[in-house]
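To keep things clear, I will list the structure first and then write my remarks on it.
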Amino acid sequence: MKDFFLNFTKILELNSKIYWSIIVGIVGCVILYIIEIVHIQNVLGLLNGQESAAIRNVIDPIVQRYQWSRFAVVGVTIFWAVFEYFKTKKAFNLK
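Residue 37 in my numbering sits at position 35 of the sequence shown; the count goes up by one each step and never skips.
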């Protein structure tokens with residue numbers, strides 16, 4: 003276990019792309035969230051005066067698409083970080 007943590011910290015020190023992948027993922031999710039808010043506000047502006055059930059039927063698919071988009075961004079970010087981790091581990095012959 004000690005070797006794992008020592009190798010892990012060494013890999014993080016050697017490859018800054020791991021940090022950048024996490025930062026890009028967080029920024030991507032925040033941008034998608036802001037876009038979602040603006041999109042829903044525009045739709046609500048068009049639907050004012052409607053019943054809440056009708057508004058919910060229109061808004062729910064939009065929210066679901068943005069949620070899946072954020073999941074995709076997180077998945078790509080995790081894949082990128084793991085790829086960089088193993089690439090660095092292999093390059094420096096760490097166990």
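Note that CB positions come from ideal geometry on N, CA and C, so glycine has one too.
For residue i, count the other beta carbons within 10 Å of its own beta carbon; 16 or more makes it buried, fewer makes it exposed. Which is it?
| i | result |
| --- | --- |
| E86 | buried |
| I13 | buried |
| N17 | buried |
Nearest-angstrom Cα distance between residue i and residue j?
| i | j | result |
| --- | --- | --- |
| G30 | V84 | 18 Å |
| N9 | Y21 | 16 Å |
| R67 | G51 | 25 Å |
| P61 | T11 | The question names Pro, yet the displayed sequence has Ile at residue 61. If you take the alpha carbons of I61 and T11, they lie about 44 Å apart. |
| I39 | K91 | 40 Å |
Can you name, in chain order, every residue of its own chain whose Cβ lies under 7 Å from the Cβ of residue i, other than the five neighbours on each side?
| i | result |
| --- | --- |
| V75 | G27, G30, C31 and L34 |
I need the DSSP call for residue i, collapsed to helix, strand or coil.
| i | result |
| --- | --- |
| K97 | coil |
Measuring alpha carbon to alpha carbon, tell me which residue in the options is nearest residue i.
| i | options | result |
| --- | --- | --- |
| I42 | I64, A55 and S54 | I64 |
Starting from the C-beta of residue i, find all residues in its chain whose C-beta is less than 6 Å away, skip the five residues before and the five after it, and write them out in chain order.
| i | result |
| --- | --- |
| T79 | S23 and G27 |
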